[in-house]
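Number of protein chains: 2
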Amino acid sequence: MHTRTVFFISDGTGITAETFGNAILAQFDMKPRHVRLPFIDTVDKAHQVVRQINHTGDIEGRKPIVFTTLVNMEVLAVIQEGCQGMLLDMFGTFVHPLEKELGIKSHHRVGRFSDVSKSQEYHDRIEAINFSLAHDDGQSNRDLEGADVILVGVSRSGKTPTSLYLAMQHGLKAANYPLIPEDFERRQLPPALMPHRKKLFGLTIHPERLSEIRNERRPNSRYASLENCRAEVNEAEAMMRRSGIRWLSSTTKSIEEIATTILQEVRPERLVY
Amino acid sequence: MHTRTVFFISDGTGITAETFGNAILAQFDMKPRHVRLPFIDTVDKAHQVVRQINHTGDIEGRKPIVFTTLVNMEVLAVIQEGCQGMLLDMFGTFVHPLEKELGIKSHHRVGRFSDVSKSQEYHDRIEAINFSLAHDDGQSNRDLEGADVILVGVSRSGKTPTSLYLAMQHGLKAANYPLIPEDFERRQLPPALMPHRKKLFGLTIHPERLSEIRNERRPNSRYASLENCRAEVNEAEAMMRRSGIRWLSSTTKSIEEIATTILQEVRPERLVY
Chain H
639 MHTRTVFFIS
649 DGTGITAETF
659 GNAILAQFDM
669 KPRHVRLPFI
679 DTVDKAHQVV
689 RQINHTGDIE
699 GRKPIVFTTL
709 VNMEVLAVIQ
719 EGCQGMLLDM
729 FGTFVHPLEK
739 ELGIKSHHRV
749 GRFSDVSKSQ
759 EYHDRIEAIN
769 FSLAHDDGQS
779 NRDLEGADVI
789 LVGVSRSGKT
799 PTSLYLAMQH
809 GLKAANYPLI
819 PEDFERRQLP
829 PALMPHRKKL
839 FGLTIHPERL
849 SEIRNERRPN
859 SRYASLENCR
869 AEVNEAEAMM
879 RRSGIRWLSS
889 TTKSIEEIAT
899 TILQEVRPER
909 LVY
Chain W
639 MHTRTVFFIS
649 DGTGITAETF
659 GNAILAQFDM
669 KPRHVRLPFI
679 DTVDKAHQVV
689 RQINHTGDIE
699 GRKPIVFTTL
709 VNMEVLAVIQ
719 EGCQGMLLDM
729 FGTFVHPLEK
739 ELGIKSHHRV
749 GRFSDVSKSQ
759 EYHDRIEAIN
769 FSLAHDDGQS
779 NRDLEGADVI
789 LVGVSRSGKT
799 PTSLYLAMQH
809 GLKAANYPLI
819 PEDFERRQLP
829 PALMPHRKKL
839 FGLTIHPERL
849 SEIRNERRPN
859 SRYASLENCR
869 AEVNEAEAMM
879 RRSGIRWLSS
889 TTKSIEEIAT
899 TILQEVRPER
909 LVY
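Structure follows, in structure tokens:
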């Protein structure tokens, strides 16, 4: 049960406020109620927000926690003046000392995403998503030379969500290609991948976890059986080792962690720009 | 040209540090060099980081800006003591006042993503990604009743990246379905969508922008011609208006902004949890 509400208030999507606020709240053993209020970009909306926060505080008998990433100073002022919650101004806190250090004023323009829709970076991200989609699960061997990375692994080892995340978050053209029983019989990588060996990155997974995941798809199948999962994972790992492919286990990692690790390995320069 | 380097230092993926740091830097008219240093989770690595920061400062003749989201206090202490950059401790700054207000200590455990890979929320997100992938571009009419939202619009109006983002970021099962010339001739929504009218959300786009995007795919085709794009967009908007479908224009919005707007419309309760 929650006993305290946390608000995330932004003049944009509120994703930054919520992502960062949640990272901080994760440091505490508590389960607050979350309320994200995006697009709070007028003084009128700010007044409504103040009423909502104070009403919540009255009902719960505790100060709501209020994370803001507001750029519009008039909107922020309304909330600063009226809000009875604990206000954590995530922008102002860092913007003011930075103004001093940099010797320039911030311009208070709204939104990390404004105008991005026409930028080259945004365009490249959308292209990367389209590429990853077209090259999901070995669907196409065309343009594999255009890939930044080609993920390989047994079915359901986490290749698809990782590829899409690499594209969406990092703008990487990430193809993925399954390793299947036929490959294990031939004891060779899929022929289409041979010319691109340097781009390969393997994902593996504990057989027990793999069996659980596959059982959700095809309950009680041979495909999902622990015995078969063990055999496939063994074969896949042996093949990756033989072929000198870098790999990691997705078992206890989130796609965010897997993606960052892969990025560090295959495109370290993307961490510096 | 950049004249100053900004470091993002984290014991986890560094995505939070970078997302938040960039949102703050976007308030300044400057183009710094970015260096993300993920997985800085030992004192040894912290010493290396200090050397790297100070070396950069020496070369550039300016204090590097250093955003940290470090939870490990020993690692943070090394950087606080040795680093000659401007240190912005994004966690400590808010964690300490929160400890006071909440009356509980933070536990300094690393990573917003730790252990998430087994959580229900994470599982639902992966399921949503798989659903959105299986229902991209009208690929499958199966289980459309399972969708949280079905995006409709002409080819290249932004449906696919928006669906995937809704799934990945918000855990929404987002299908998407194209509106094609045959639908316009019949002057009716695709028959498969009729039972799901309430879940439909339309995307439209300026014909000029659409023509640009389509020309990248199929240069000088009738499909990409401004005349054809105008006609398709007109027909699609008229159809959405007739059918009472909510819609928005993707022309100047990022997928993040489109997704948040759709979430507010179709699943406002997802903003409160």
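So the protein sequences, as listed, match chains H and W. Quick note on our numbering: the first sequence kicks off at 639 and runs consecutively. Quick note on our numbering: the second sequence kicks off at 639 and runs consecutively. Just so it is clear, CB atoms sit at the ideal spot from N, CA and C, and this is done for glycine as well.
For a test of the three-state rule: what should DSSP assign to residue i, helix, strand or coil?
i	result
Y815 (chain H)	strand
S648 (chain W)	strand
H685 (chain H)	helix
Q902 (chain W)	helix
T842 (chain H)	strand
M806 (chain H)	helix
S752 (chain H)	For S752 (chain H), the predicted structure reports a pLDDT of 47, less than 50, and the residue's modelled location is therefore unreliable. A value from the coordinates is still provided. S752 (chain H): coil per DSSP, three-state reduction.
T890 (chain H)	coil
T657 (chain W)	helix
T643 (chain W)	strand
I678 (chain W)	coil
R856 (chain H)	coil
R700 (chain W)	coil
N692 (chain H)	helix
P735 (chain W)	helix
R847 (chain H)	helix
Is residue i buried or exposed, if buried means 16 or more other CB atoms sit within 10 Å of its CB?
i	result
H808 (chain H)	buried
F751 (chain H)	Residue placement at F751 (chain H) is flagged as unreliable, the pLDDT there being 46, under the threshold of 50; a coordinate-derived value is accordingly withheld.
Y911 (chain W)	exposed
S892 (chain W)	buried
R674 (chain H)	buried
F665 (chain H)	The amino acid occupying residue 665 (chain H) in the given sequence is Gln; Phe does not appear at that position. Answer is buried; the Cβ neighbour count reaches 16.
A684 (chain W)	buried
D667 (chain H)	exposed
E895 (chain H)	buried
E656 (chain H)	buried
M711 (chain W)	exposed
G723 (chain W)	buried
G695 (chain W)	buried
R855 (chain H)	exposed
R642 (chain W)	buried
S757 (chain W)	exposed
K738 (chain W)	exposed
S859 (chain H)	exposed
E697 (chain H)	What sits at residue 697 (chain H) in the sequence shown is Ile, not Glu. By the neighbour-count rule (16 or more Cβ atoms within 10 Å), I697 (chain H) is not buried but exposed.
R689 (chain W)	exposed
M877 (chain W)	buried
A661 (chain W)	buried
Taking residue i as the reference, which of the options has the closest Cα?
i	options	result
V904 (chain W)	W:R855, W:D786 and W:S793	W:D786
R794 (chain W)	W:N853, W:L675, W:F666 and W:V709	W:N853
T898 (chain W)	H:D649, H:R642, H:V644 and H:T643	H:D649
Q686 (chain H)	H:V713, H:N660, H:A661 and H:Q665	H:V713
I764 (chain W)	H:I742, H:G796 and H:E783	H:G796
E873 (chain W)	W:H844, W:T890 and W:S757	W:H844
A805 (chain W)	W:G659, W:A830, W:D667 and W:D762	W:D762
I900 (chain W)	H:T643, H:T651 and H:T641	H:T651
A830 (chain W)	W:V733, W:A862, W:I788 and W:L708	W:I788
R835 (chain H)	H:L782, H:A876 and H:L726	H:L782
I647 (chain W)	W:E698, W:F729, W:D696 and W:I697	W:F729
T800 (chain W)	W:A876, W:Q690, W:T842 and W:E737	W:T842
R879 (chain W)	W:S744, W:R825, W:A862 and W:R642	W:R825
S770 (chain H)	W:V790, W:Q690, W:T798 and W:I678	W:T798
H693 (chain H)	H:L708, H:F645, H:T680 and H:L740	H:F645
E820 (chain W)	W:L838, W:P833, W:V792 and W:F839	W:V792
Where do the N-terminal and C-terminal ends of the beta strand (DSSP E) with residue i fall, by residue?
i	result
T706 (chain H)	I703 to T707
H745 (chain W)	Taken as a continuous stretch (DSSP letters only), H745 (chain W) belongs to no beta strand (DSSP E), as it is neither H nor E.
R884 (chain H)	R884 to S887
D727 (chain H)	M724 to D727
L675 (chain W)	R671 to L675
Comparing the CB of residue i with every heavy atom of the ligand ADP, is any distance shorter than 8 Å?
i	result
G741 (chain W)	This structure lacks the ligand ADP; in fact it carries no ligand of any kind.
Output the boundary residues of the alpha helix (DSSP H) element that contains residue i.
i	result
I788 (chain W)	Unbroken run through I788 (chain W) is the beta strand (DSSP E), V787 to G791; no alpha helix (DSSP H).
E783 (chain H)	That residue, E783 (chain H), is in no alpha helix (DSSP H); it is neither H nor E in DSSP.
N872 (chain H)	L864 to R880
N768 (chain W)	Q758 to A772
L909 (chain W)	Neither: L909 (chain W) is in no alpha helix (DSSP H) and is coded neither H nor E.
A664 (chain W)	Segment: none, A664 (chain W) is in no alpha helix (DSSP H) and carries neither H nor E.
G720 (chain W)	M711 to G720
Q.
Does the stretch 772-779 of chain H come into contact with the stretch 700-708 of chain W, if we say contact requires no fewer than three beta-carbon pairs (one atom in each stretch) closer than 8 Å?
A. Below 8 Å, too few C-beta pairs join the stretch 772-779 of chain H and the stretch 700-708 of chain W to call them touching: fewer than three.
Q: Evaluate contact between the stretch 708-722 of chain W and the stretch 711-728 of chain H, counting only Cβ atoms and requiring at least three cross-stretch pairs below 8 Å.
A: The stretch 708-722 of chain W and the stretch 711-728 of chain H do not touch, with fewer than 3 CB-CB distances between them shorter than 8 Å.
Q) With contact counted as at least three CB pairs below 8 Å, one residue from each stretch, are the stretch 859-871 of chain H and the stretch 798-816 of chain H in contact? A) These segments do not touch.
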